[in-house]
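According to our numbering, the stretch in the sequence shown is residues 382 to 446, in order. Think of the CB as a built atom: it goes at the ideal place given N, C-alpha and C, for glycine as much as any other residue. Everything below concerns the one structure shown next.
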Amino acid sequence: MNELQLETIEKIRNAVDDLYSKLDIDLYEKVSAAKVSYKLKRPSSLIQENLGYIVKNLNELRDGE
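Here's what the structure looks like:
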């Protein structure tokens, strides 16, 4: 890979890391019943597997595996 491609991969990886850090917060989902309650939701847990796959493949491309 040339220097420009490696730089682009690094920028994509940094963007994915930034995305994960922004989604790694606590949110609450309203559960309607006789009494209103809230259930904890972590958006990062919903996309963690997908982001892990992307980062793994970006690292493989960067390292030439």
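Going by beta carbons, residue 409 and residue 429 fall outside the 9 Å limit.
In the three-state DSSP reduction, residue 412 falls in the strand class (E or B). The alpha-carbon separation between residue 390 and residue 398 amounts to approximately 12 Å.
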